[in-house]
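Participant: Sharing a structure with you now.
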Amino acid sequence: MENCNSKLLAMYGQSASMFGMALPELAAQREDIVVLAADQSVPAGLDKFKSLYPDRFFNVGIAEQNMIGIAAGLSDEGYLPVCVAQACFLTMRAYEPIRQYAGYMRKRMILVGLFSGFTTSLLGNTHYAKEDIALMRAIPGMRIVAPADAMEAVKCFESAVCSAIPVYIRLWGKTGTPIVYQSDYDYELGKAIRLREGKDIQLVATGSMVVQALEAAALLAEDGIEADVINMHTVKPLDASLLDKSKPVFAIEEHSVIGGLGDALNDIGVHARKIGIADSFGVVGKYGYLLEQNNLTGEKIKEHILKNLKI
Amino acid sequence: MNKTLLDKLTQRCYAMKLKALDMAFSTGTEGSHIGGAFSCMEILAALYETANVEDMSSPGRDRIILSKGHAVLAYYTALWQKGFLTEEQLAGFDQNGTGLYGHPHRNLQSGMEFTAGSLGLGLSYAVGVAMACKKRDIKNRIFVILGDGECDEGIVWESLMSIRNFELDNMTLIVDRNHYQLDGPTTEVMNLYSMDSKFRAFGFNVTTVNGHGIEALYDALQPKEGLNVIIADTVKAHGISFLANNKLAHHTSLTMKKYQQAVNDIKAAYGEL
Chain A
205 MENCNSKLLA MYGQSASMFG MALPELAAQR EDIVVLAADQ SVPAGLDKFK
255 SLYPDRFFNV GIAEQNMIGI AAGLSDEGYL PVCVAQACFL TMRAYEPIRQ
305 YAGYMRKRMI LVGLFSGFTT SLLGNTHYAK EDIALMRAIP GMRIVAPADA
355 MEAVKCFESA VCSAIPVYIR LWGKTGTPIV YQSDYDYELG KAIRLREGKD
405 IQLVATGSMV VQALEAAALL AEDGIEADVI NMHTVKPLDA SLLDKSKPVF
455 AIEEHSVIGG LGDALNDIGV HARKIGIADS FGVVGKYGYL LEQNNLTGEK
505 IKEHILKNLK I
Chain B
31 MNKTLLDKLT QRCYAMKLKA LDMAFSTGTE GSHIGGAFSC MEILAALYET
81 ANVEDMSSPG RDRIILSKGH AVLAYYTALW QKGFLTEEQL AGFDQNGTGL
131 YGHPHRNLQS GMEFTAGSLG LGLSYAVGVA MACKKRDIKN RIFVILGDGE
181 CDEGIVWESL MSIRNFELDN MTLIVDRNHY QLDGPTTEVM NLYSMDSKFR
231 AFGFNVTTVN GHGIEALYDA LQPKEGLNVI IADTVKAHGI SFLANNKLAH
281 HTSLTMKKYQ QAVNDIKAAY GEL
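These protein sequences, in sequence, are chains A and B. Numbering (this note's numbering) for the first sequence: 205 to 515. Numbering (this note's numbering) for the second sequence: 31 to 303.
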């Protein structure tokens, strides 16, 4: 996308940046792109696309399973469907159609999960998506991307459109997301990015936790601990090239400690200490409160790491 | 329907059934889905006569999507009769590592449009195909074969809702209503009561036919205006005396004695015994 203004994108948030700014440009070049939404086009920021390309947008209603089935049919007939729904309902309600089509049949489709983790805050546990990475990881061949900020969301969407294989994009945040990247940078799907160098420990974070990991690293530096920070925006396939087994490694994710980034690291032999959402259905509250409760703010992550390093 | 065509399709069905019994017998104690295959032999024979699927590489071809994928004994034998599969391929049915197993896997060269197995998914997939064909102004027809037990699945009704919403009059649905599902009669397991009124409520014209009457099926399959579903009333394991209307027919094996009995039943029905 031209004019990658980080402040403007952050103001729009991840999905509105992707769908309101990047998608119309991509759709002008790629006539095969069609968009399906499960009654989530307004919060997703799809209004502009809908008005520009009314015949390339299909609202399937509140019916996530059918959305994926329809996407598979469109995909086999030469279209590239972009499927939009809330992350929890997309990955859980439609899990089997996703396994069948994106997994088993390798149909090209881009699955966009809105409001992952605790984003839906006061709507409660039914609306939290803290198992989606685990579910998607268990599907052979699935590509899972959790962008760190709005600019990265745009970049990973552009990469996904060029990619010939199914992708699940895990979005968080609404409008006004924190900024990790101030200016344009090189992004490649599947390639981890080092954001900070440090000799003592390594923090590997994905999605919303990248900004928190950077904050934790800054706080740890005040205590004399130098942390290496890796943005693992692609959780599957996992890029091991920047991982450093010689240091204590911490995996940080706004996702269950079961089956997510931490387990993905452990599965390739990197012993990662997991910082994530505990294996329970917890209290409900505003987003910041939920991060605090689950030890997922920069400050809490720092405390957790200090305690853990002493053991 | 002229007599020549009726004779041809009758003979086609006869050949399909005998071949299907050979294949079912060849699975030994593993068994196969006999009941739901023998309920749709005539449906598939008539459909493959109606649909334009000669050139599977052509985007303009009609699409035949078997959503009740377990009916492979009818499907594979229909594809064999159309020249998509060879006898050698059928002989490999349900062998280790085979391409022809208990549910079909998409393979256009072999005439197979859709990877089925999970019930209900075929209709939803077909909606996407029908939308794509409309978008590209392809004047073709998309046929979907569903089971009546399959209609328990929620995605079937999500799909019906979307067919009406997107006005997909290029689709024709065929329900093989054999009145049974795995656990027993559909009226006892999950009673849908009036299937007709449910389809009508979703905006469909409903044609109910004898699903073993080739002529009636062939007529019902001719193009019509609007959204159309053909409810084909059938008998599970039709024509096999000891399995017909028996819930054990869903997936079962055949001993040599039973196989011979089944072959004799079929031959007798076609006046060959």
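Yeah, the Cβ is synthetic: ideal placement off N, Cα and C, and Gly gets one too.
For A/M309, go through chain B and note every residue whose CB falls closer than 8 Å to its CB, in chain order.
Facilitator: Those are R136 and T145, listed as they occur along chain B.
Participant: Output the boundary residues of the beta strand (DSSP E) element that contains B/M201.
Facilitator: From DSSP, the beta strand (DSSP E) with B/M201 extends over M201 to R207.
Participant: Give me the chain A residues within the contact set of B/A156, using Cβ-Cβ distance strictly less than 8 Å, ordered along the chain.
Facilitator: What B/A156 touches in chain A: G277.
Participant: To which residues of the same chain is A/Q406 closer than 6 Å at the C-beta, ignoring the five residues directly before and after it?
Facilitator: Cβ neighbours of A/Q406 beyond the five flanking positions: D432, D448, K451 and V453.
Participant: Measuring alpha carbon to alpha carbon, tell me which of A/K490, A/M271, A/I429 and A/A342 ends up nearest A/L513.
Facilitator: Of A/K490, A/M271, A/I429 and A/A342, the residue nearest in Cα terms is A/I429.
Participant: Assuming contact is defined by CB atoms lying nearer than 8 Å, are B/A45 and B/L284 in contact in what I supplied?
Facilitator: In this structure, B/L284 does not lie closer than 8 Å to B/A45 by Cβ.
Participant: What is the DSSP secondary structure of A/Q290, counted as helix, strand or coil?
Facilitator: Three-state result, A/Q290: strand.
Participant: Alpha carbon to alpha carbon, how far is B/L212 from B/L222? Give it in angstroms, no decimals.
Facilitator: For B/L222 and B/L212, the distance between alpha carbons rounds to 15 Å.
Participant: Could you have a look at B/A262 and say whether DSSP puts it in helix, strand or coil?
Facilitator: DSSP places B/A262 in strand when its eight states are reduced to three.
Participant: For A/L495, which three-state DSSP category applies?
Facilitator: DSSP places A/L495 in helix when its eight states are reduced to three.
Participant: Name the chain A residues that come within less than 7 Å of B/V159, Cβ to Cβ?
Facilitator: Here the neighbours are G277, D280 and E281.
Participant: From the beta carbon of A/A368, is the nearest beta carbon of chain B less than 8 Å away?
Facilitator: For A/A368, the answer is no, since every Cβ of chain B falls outside 8 Å of its Cβ.
Participant: Check distances from the C-beta atoms of the segment 56-82 of chain B to those of chain A and list, in chain order, the residues that come in under 9 Å.
Facilitator: Answer set for the segment 56-82 of chain B: empty.
Participant: Let me know the secondary structure DSSP gives A/A482 once reduced to three states.
Facilitator: Of the three classes helix, strand and coil, the one that applies to A/A482 here is coil, per DSSP.
Participant: At a CB distance below 8 Å, what residues from the segment 181-215 of chain B approach chain A? Give them in sequence order.
Facilitator: Result list: G184, I185, E188, S189, M191, S192, N195 and F196.
Participant: Of all Cβ atoms in chain B, is any one closer than 8 Å to the Cβ of A/E300?
Facilitator: Yes, A/E300 counts as interfacial toward chain B.
Participant: For the beta strand (DSSP E) containing A/E457, list its first residue and its last residue.
Facilitator: V453 to S460 is the span of the beta strand (DSSP E), which, as asked, contains A/E457.
Participant: Between which residues of its own chain and A/L423 is the CB-CB distance below 8 Å, once the five residues before and five after are set aside?
Facilitator: The answer, listed in chain order, is G502, E503 and K506.
Participant: What does A/D432 pair with, by DSSP beta-bridge criteria?
Facilitator: DSSP, once it has assigned bridges, lists A/Q406 as partnering A/D432.
Participant: Could you check if B/C181 is buried or exposed, using at least 16 other CB atoms within 10 Å of its CB as the buried criterion?
Facilitator: Its Cβ being crowded by 16 or more others within 10 Å, B/C181 is buried.
Participant: Using three-state DSSP, classify B/P89 as helix, strand or coil.
Facilitator: In the structure shown, B/P89 sits in coil (DSSP, three-state: anything other than H, G, I, E or B).
Participant: Applying the 10 Å Cβ sphere with the 16-neighbour rule, what's the burial state of A/T330?
Facilitator: Exposed, by the Cβ-count rule.
Participant: Taking only beta-carbon positions, decide if A/L270 is within less than 8 Å of chain B.
Facilitator: The question names Leu, but residue 270 of chain A is Asn in the sequence shown. Judged by the 8 Å Cβ criterion, A/N270 is in contact with chain B.
Participant: In or out: B/M201 buried (at least 16 other Cβ within 10 Å) or exposed?
Facilitator: Buried, because 16 or more other Cβ atoms sit within 10 Å of the Cβ of B/M201.
Participant: Helix, strand or coil: which one does DSSP assign to B/L115?
Facilitator: Reduced to three states, the DSSP call for B/L115 is coil.
Participant: Could you check how far apart the C-beta atoms of B/K47 and B/M31 are, in whole angstroms? I think they sit under 8 Å.
Facilitator: Incorrect: roughly 20 Å between the Cβ atoms, too far for contact.
Participant: Give the straight-line distance between the Cα atoms of A/A468 and A/V439, rounded to the nearest whole angstrom.
Facilitator: Approximately 7 Å between the Cα atoms of the pair.
Participant: From the DSSP secondary-structure annotation, give me the bridge partner or partners of A/F261.
Facilitator: DSSP lists A/V239 as partners of A/F261.
Participant: In three-state DSSP terms, what is B/R171?
Facilitator: DSSP places B/R171 in coil when its eight states are reduced to three.
Participant: Thinking C-beta only, is A/G466 closer than 8 Å to A/A476?
Facilitator: In this structure, A/G466 lies closer than 8 Å to A/A476 by Cβ.
Participant: Do A/L250 and A/P228 come within 8 Å of each other at the CB atom, strictly closer than that value?
Facilitator: No; because the gap between Cβ atoms is not below 8 Å, this pair is not in contact.
Participant: Using a Cβ cut-off of 8 Å (strictly closer), state whether A/V264 contacts chain B.
Facilitator: Chain B contact via Cβ: present.
Participant: Under DSSP, the beta strand (DSSP E) around A/F347 begins and ends at which residues?
Facilitator: The question names Phe, yet the displayed sequence has Arg at residue 347 of chain A. Looking at the DSSP string, the run of the beta strand (DSSP E) that includes A/R347 is R347 to V349.
Participant: Give the secondary structure of B/I185 by DSSP, where H, G and I count as helix, E and B as strand, and everything else as coil.
Facilitator: The answer is helix: DSSP assigns B/I185 an H, G or I state.
Participant: Out of A/V384, A/E426, A/E356 and A/E458, which one is the CA nearest neighbour of A/K395?
Facilitator: Nearest option by C-alpha distance: A/E356.
Participant: If you run the structure through DSSP and keep just helix, strand and coil, what is B/Q139?
Facilitator: The answer is helix: DSSP assigns B/Q139 an H, G or I state.
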